[in-house]
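Numbering (mature numbering (1 follows the signal peptide of the UniProt record, and there is no 0)), first residue to last: -22 to -1, 1 to 101. Inspection log for the structure reproduced underneath, given as structure tokens.
So this is what it looks like as structure tokens:
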């Protein structure tokens, strides 16, 4: 997603705050990496695919919990903006990997996996 597409995508997704993960930004700036991570957080599965609670679902939930815990730890230990950006980028990547792994595993088991993509105007 291009930077100029991020704000409309956030609005379309109805991005809400993540209070457990939110860090105050005294200067009011939010990094691009944090914005992307917040979008990725909105894409996590909120319920099991096809309503099936199996080991894949429980592993997925565990992966999400671990990613959030690691993000909190990394943000607490961040000493500069680069550390902060790195923490958010790692979090985004972990969420995306967990979602992809879970969807792939469920698809291999024969469960229908849907995917919704937002496409902006052609430039």
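Backbone N, C-alpha and C fix where the C-beta goes; we use that ideal spot for every residue, glycine too.
Taking the beta carbon of residue i as the centre, do at least 16 other beta carbons fall within 10 Å, making it buried, or is it exposed?
| i | result |
| --- | --- |
| residue 10 | exposed |
| residue 86 | exposed |
| residue 12 | buried |
| residue -12 | Here residue -12 scores only 40 on pLDDT, less than 50, and its place in the model is too uncertain to base an answer on. |
| residue 65 | buried |
| residue 45 | buried |
| residue 19 | buried |
Beta-carbon separation of residue i and residue j under 9 angstroms?
| i | j | result |
| --- | --- | --- |
| residue 22 | residue 76 | yes |
| residue 58 | residue 68 | no |
Taking residue i and residue j to be in contact with their CB atoms under 8 angstroms, please state how far apart those CB atoms are, rounded to whole angstroms.
| i | j | result |
| --- | --- | --- |
| residue 72 | residue 34 | Going by Cβ atoms, the distance from residue 72 to residue 34 rounds to 17 angstroms, so no, they are not a contact pair. |
| residue 70 | residue 14 | 5 angstroms |
Among residues of its own chain, excluding the 5 on either side of residue i, which ones have a beta-carbon nearer than 7 angstroms to its beta-carbon?
| i | result |
| --- | --- |
| residue 30 | 89 |
| residue 91 | 27, 81, 84, 85 |
Ignore the nearest five residues each way along the sequence and tell me which others in residue i's own chain have a CB closer than 8 angstroms to its CB.
| i | result |
| --- | --- |
| residue 43 | none |
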